[in-house]
Amino acid sequence: MIQLPWVLVAFFCLLADPVAAQTAGERLRAAYPEQLLAVDGNDLVWKDGTRMRIDDGRGAKPFEQWLADPDLKDMLAIPYPRGEAAAAPTVNEDPGRARNAAFFTRMYGNCAMGEVAANLVDVVWLPKKSGQKLKVTRINGVADKVAAISRLLDELPASFDEFLKPSQGTYVCRPIAGTSQASAHGYGIAIDLATRRADYWRWTAGGAAKYRNQMPIEIVRIFEAHGFIWGGRWWHYDTMHFEYRPELTGR
Ligand SMILES: [Zn+2]
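In terms of the working numbering, the sequence shown is residues -14 to 236.
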């Protein structure tokens, strides 16, 4: 009985953390100024008046639930180590792998309804080295950022080419392999580089527990400087994968 009040305090802390909600909301607003207007308590307010709850009040979630059904705050729960050397993440350390579907669908559209395709534009991948055309969304200036990244990667020595070309692709309207969740590729914000030197946890005997990476950090840092996160920083690693998530890179 003596412990009951503390149990109640802990219970209500789990239900909602207004400070964390405010911080998460401000980070999102700063990352997407074209779309987001303000944070109002536990609501993220979009410029068109849409309101989304930042903290769903369900507290810290087990990993699978965090991945499958994150609220806006959960997307920022794991810090993203921008710029650092590549290293094996700890178990289930997957910064950015949880995506709130309502948030990204509101931002980029529903690919199954043709809404994402309406905003895709062609970007020439590595104008000098490749010339491949890739479809990327123009929303939030993502296509312009991919073009800027492409120009910088094009200047790297030829020893980097096998990591960069051909790109395995950008826009695909499909769920993530092995799940029913929308892939970042379905929003037109992701790019996969060449598969020749790629490592993916699902391809590797030992799975996520056997971290592998060959991607040069120089390539990673160019993407990160433009607001892209890298799948090589995930316990469930996907080293050819990059996606535009400025709320995590702070860029
Ligand atoms: Zn990918």
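A virtual CB, placed ideally from N, CA and C, is assigned to each residue, including glycine.
**Study point:** Among Gln199, Trp220, Glu232, Asn198, nearest to Ile214 - alpha-carbon criterion
**Key:** When only C-alpha atoms are compared, the closest one is Glu232.
Review point. In or out: Trp219 buried (at least 16 other Cβ within 10 Å) or exposed?
Key: Taking every protein chain shown into account, the CB of Trp219 has 16 or more other CB atoms within 10 angstroms, so this residue is buried.
**Study point:** Inter-residue spacing [alpha-carbon to alpha-carbon] between Ala9 and Arg84
**Key:** Near 14 Å, if we compare the C-alpha coordinates of Arg84 and Ala9.
Exercise for review: Please report how far the alpha carbon of Glu140 lies from the alpha carbon of Leu149, in whole angstroms.
Suggested key: Pairing Glu140 with Leu149, the inter-Cα distance amounts to about 12 Å.
Check your understanding: Run through DSSP, which three-state label would His221 get?
Key -> Residue state, collapsed to three classes: coil.
**Study point:** Asp146 Cβ short of 7 Å to ligand 1 heavy atom set
**Key:** Flag unset: Cβ of Asp146 not near ligand 1.
Review point. Is it right to say Ala23 is buried, meaning 16 or more other beta carbons lie within 10 angstroms of its own, or is it exposed?
Key: Flag for Ala23 reads exposed.
Review point. Can you name, in chain order, every residue of its own chain whose Cβ lies under 7 Å from the Cβ of Ile174, other than the five neighbours on each side?
Key: Excluding residues within five positions, the ones whose Cβ falls inside 7 Å are Tyr93, Thr122, Val127, Glu228, Tyr229.
Practice item. Look up Trp110 in the DSSP assignment and give the residues it is bridged to. Key: Answer is Gln117, bridged to Trp110.
Check your understanding: Alpha carbon to alpha carbon, what distance is there between Gly171 and Arg43?
Key -> Near 28 Å, if we compare the C-alpha coordinates of Gly171 and Arg43.
Practice item. Would you tell me roughly how many angstroms separate the C-alpha atoms of Trp51 and Gly235, rounded to the nearest one? Key: Their Cα atoms are separated by approximately 22 Å.
Check your understanding: Taking the alpha-carbon positions, what's the His221 to Asn77 distance?
Key -> His221 and Asn77 have their C-alpha atoms spaced approximately 7 Å apart.
Point to revise | Contact test: His211 Cβ vs ligand 1 heavy atom, cutoff 7 Å | key: No, the beta carbon of His211 sits no closer than 7 Å to any heavy atom of ligand 1.
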